[in-house]
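Mapping of the sequence shown onto the UniProt record's numbering: position 201 corresponds to residue 201, and the numbering continues sequentially without gaps. Comments concern the structure below.
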Amino acid sequence: METNKTVERDWSSLVPELLNLIARYLTEISDFVRFRAVCTAWRFSTPITDLPPQFPWILETCRFLYEPHILLYSIISSKTYTIHPPNVLGKMFLGSSQGYMLTDLCDCTTNQVFSGQHTCQLSLLNLLNNHEITLPACDFMHHAYWIGPQQYQIGEFVVCFGYTGCQRYKSAFCCLGEDNWCELESDFKDHFQCFHIKNMFFRLEEDTGVMKVNNLTTGTLSYVLPPVKDYKVGAIYYPVDASGDILIVFKRYDCFDVHRLNLSGSSSPFWVKVKNIGNQALFIDSQGGFALEASNFSRVKANCIYFLDSFSSVKRIDIDTGDLELLHCPFEGTSRWFVPNLVHLQAK
1 METNKTVERD WSSLVPELLN LIARYLTEIS DFVRFRAVCT AWRFSTPITD LPPQFPWILE
61 TCRFLYEPHI LLYSIISSKT YTIHPPNVLG KMFLGSSQGY MLTDLCDCTT NQVFSGQHTC
121 QLSLLNLLNN HEITLPACDF MHHAYWIGPQ QYQIGEFVVC FGYTGCQRYK SAFCCLGEDN
181 WCELESDFKD HFQCFHIKNM FFRLEEDTGV MKVNNLTTGT LSYVLPPVKD YKVGAIYYPV
241 DASGDILIVF KRYDCFDVHR LNLSGSSSPF WVKVKNIGNQ ALFIDSQGGF ALEASNFSRV
301 KANCIYFLDS FSSVKRIDID TGDLELLHCP FEGTSRWFVP NLVHLQAK
C-alpha cells in the first residue's frame with residue numbers, strides 16, 4: 001500500500017518572470033521586504049527599484065521630538081508598525097514626499113522658535129533606509145512649513161514657507177544639490193496662501209480668491225487665475241498634482257469641492273469644478289495632498305478623498321455624492337500621510 005509523500009518544492013527555482021508578476025501585487029512594503037528575504041534568487045529578481053505602487057501609511061507625528069521611535073499605521077492591513085531611525089530624535093517633521101520627510105532639527109523650545117532664536121536646519125530623511133540629504137543653511141527662517149513638491153526628482157525644487165520674525169513670513173526654494181536658497185515674496189499671512197506644483201509657485205490673495213502663478217525656473221509671472229466659483233474667504237484649500245492635472249480641493253467643515261485647472265485652449269487658464277476624477281483617489285492631510293491610481297490597490301475606491309484631519313480621524317468622501325465614511329485609525333494626535341519608499345533620492 002502506497003503512502004502519500006510530501007514533495008518538497010524548491011521555491012528558489014521559480015522563474016524571474018513569475019516572481020516579478022507576484023511582486024507587482026505587494027502594495028504593502030512590509031510584504032515586499034519579506035518577499036525579497038525568502039532567498040537570494042527572489043531578492044535578485046525583485047530589486048528595490050521595482051517597488052510596486054505603495055498604499056500610504058499614516059505617520060504619527062505628535063511625539064517625534066522626544067521619542068526615538070516612530071509609529072505608522074496601515075488602513076489596508078490594520079497593522080501598526082514601529083521603526084527606530086537612528087537620527088530622528090529631536091527633529092520636527094514638516095511634510096513628506098516619496099518616502100522622504102522634510103525635517104528641521106529643533107534644538108530649542110517653541111517660544112524660542114517664534115522669538116527668532118532658532119535657525120532652520122533642514123534635511124530630507126528617508127525613514128525606512130535612513131538616507132538623509134542635508135539642505136543648504138536657511139538662516140533667514142526661524143520656523144518652516146513644507147509646501148512642495150509632492151514628488152522629489154533630481155533637479156527638482158524644494159519649496160518652503162517660513163516665519164522670519166516680527167510677524168513676517170516669506171517663501172523660498174532651492175534645487176536639490178545646490179548650496180543656496182532663493183527667496184520669494186514675504187508678505188504672506190500663513191502657509192495656506194501658497195503652494196508649489198510642477199515648478200510653478202501659486203499664491204492666493206485671500207480677500208479676492210485670485211491666484212498669481214510664477215514660474216520658478218524663469219522667475220516670471222505665468223498666470224493670474226480668477227477665483228473658483230463660489231469662493232469663500234476662510235475656506236481651507238489643498239493643492240493636488242493628479243496625474244498631470246492640477247487640482248485644488250476646498251474644504252468647509254465636512255464639505256469638499258474639487259476644482260481642476262483648465263490650461264487648454266487659447267483662453268486664459270481658469271478653474272473648473274469637477275465631480276469625477278476618474279480612476280484616481282486623493283489623499284489629503286493638513287500639509288496638502290497627492291493622488292493615486294485606485295486600480296493599483298484592491299481596497300481603494302476611485303473618485304474619493306481620503307482625508308486625514310488634525311486629530312488622526314480618517315474620512316473617505318465620495319466626490320460625486322458627498323457621502324462620508326469614517327475609517328479606523330488608532331492614533332489620536334497629529335498625523336501625516338506617508339508613502340513608503342526604499343529607493344535613495346540622489347541630488348545632483
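Quick reminder that beta carbons are idealized off the backbone N, C-alpha and C, glycines included. Everything numeric in this text was worked out from a predicted model, so none of it was measured.
Practice problem: Please list, in chain order, all residues of the same chain as Arg36 whose beta carbon is under 7 Å from its beta carbon, the five residues on each side excluded. | Solution: Excluding residues within five positions, the ones whose Cβ falls inside 7 Å are Trp42, Arg43, Thr46.
Self-check item: Proximal residues to His69 (C-beta, below 6 Å), its chain only, five neighbours per side dropped
Solution: Excluding sequence neighbours, His69 sits near Thr82, His84.
Self-check item: Of the residues Ile133, Thr27, Trp11, the one placed nearest Phe297, counting alpha carbons only
Solution: Thr27
Quiz item: What three-state label does DSSP hand Trp181 in the structure shown?
Solution: In this structure, Trp181 counts as coil in the three-state DSSP scheme.
Quiz item: Who are the near neighbours of Asn279 in its chain, counting only those whose CB is closer than 6 Å to its CB and skipping five residues on each side?
Solution: Glu293, Ala294, Ser295, Ala302
Quiz item: Do you know how far the Cα of Cys138 is from the Cα of Asp104?
Solution: The straight-line gap from Cα to Cα measures roughly 10 Å.
Quiz item: Below 8 Å between beta carbons: does that hold for Val159 and Leu135?
Solution: no
Quiz item: Buried or exposed: Trp271, going by 16 or more other Cβ atoms within 10 Å of its Cβ?
Solution: buried
Quiz item: Would you call Trp181 buried or exposed, if buried means 16 or more other Cβ atoms sit within 10 Å of its Cβ?
Solution: With 16 or more other Cβ atoms within 10 Å, it is buried.
Quiz prompt | Neighbourhood of Pro226 by C-beta distance below 7 Å, restricted to the same chain and skipping five residues each side | solution = Val210, Phe270
Practice problem: Return the chain-ordered list of same chain residues with a C-beta closer than 7 Å to the C-beta of Tyr73, the five sequence neighbours on each side being excluded. | Solution: Trp57, Ile58, Thr80, Cys329, Pro330, Phe331
Quiz prompt | Same chain, Cβ closer than 8 Å to Asn87, neighbours up to 5 away in sequence not counted | solution = Leu125, Asn130, Glu132
Quiz item: Are the beta-carbon atoms of Arg252 and Lys275 separated by less than 8 Å?
Solution: Not in contact: Arg252 and Lys275 (Cβ atoms no closer than 8 Å).
Practice problem: Let me know the secondary structure DSSP gives Asp245 once reduced to three states. | Solution: strand
Practice problem: Inspect the beta-carbon positions of Phe201 and Val213 and report whether they are closer than 8 Å. | Solution: For Phe201 and Val213, yes; Cβs fall inside 8 Å.
Practice problem: Taking all protein chains shown into account, decide if Arg336 is buried (16 or more other Cβ within 10 angstroms of its Cβ) or exposed. | Solution: buried
Quiz item: Among the residues of its own chain, which have a CB less than 6 Å from the CB of Trp11, if the five just before and after it don't count?
Solution: Listed in chain order, the non-local C-beta contacts of Trp11 below 6 Å within the same chain number zero, local neighbours out to five positions each way being set aside.
Quiz prompt | Contacting residues, own chain, Cβ-Cβ under 6 Å from Asp318 (five flanking each side not counted) | solution = Cys304
Quiz prompt | When Gln287, Ser171, Asp309, Asp241 are compared against Ala281, the one with the closest alpha-carbon | solution = Answer by Cα proximity: Asp241.
Exercise. Figure out for me which residue from Ile75, Ser78, Phe93 has the closest Cα to the Cα of Gln287.
Key: Phe93
Exercise. Quick one: using the 10 Å Cβ neighbour count with 16 as the cut-off for buried, is residue 352 buried or exposed?
Key: There is simply no residue 352 to check, as the chain begins at 1 and stops at 348 in what is shown.
Self-check item: Endpoints, alpha helix (DSSP H) assigned at Val33
Solution: 29-36
Quiz item: Terminal residues of the continuous alpha helix (DSSP H) containing Ser45?
Solution: 40-45
Quiz item: In whole angstroms, what is the alpha-carbon distance linking Met101 and Leu127?
Solution: 7 Å
Practice problem: Return the first residue and the last residue of the alpha helix (DSSP H) that Leu18 is part of. | Solution: 16-23
Quiz item: Between Gly219 and the rest of its own chain, which residues show a CB-CB distance below 8 Å, the 5 nearest in sequence each way excluded?
Solution: none
Quiz item: What three-state label does DSSP hand Asn215 in the structure shown?
Solution: Asn215: strand per DSSP, three-state reduction.
Practice problem: Give the secondary structure of Ala172 by DSSP, where H, G and I count as helix, E and B as strand, and everything else as coil. | Solution: In this structure, Ala172 counts as strand in the three-state DSSP scheme.
Practice problem: Going by CA-CA distance only, name the one from Phe290, Asp257, Leu263 that's closest to Asp323. | Solution: Asp257
Practice problem: May I have the straight-line CA-CA distance separating Thr119 from Ser171, to the nearest angstrom? | Solution: 15 Å
Quiz item: Relative to the C-alpha of Pro340, which residue among Leu89, Glu8, Phe32 is closest?
Solution: Phe32
Quiz item: Just the Cα atoms here: how many angstroms apart are residue 367 and Ala23?
Solution: Here the chain covers residues 1 to 348 and nothing more, so residue 367 does not appear.
Quiz prompt | Under the three-state DSSP convention, the category Ile75 falls into | solution = coil
Self-check item: Reference Asp285, options Arg299, Asp309, Cys39, closest by Cα
Solution: Asp309
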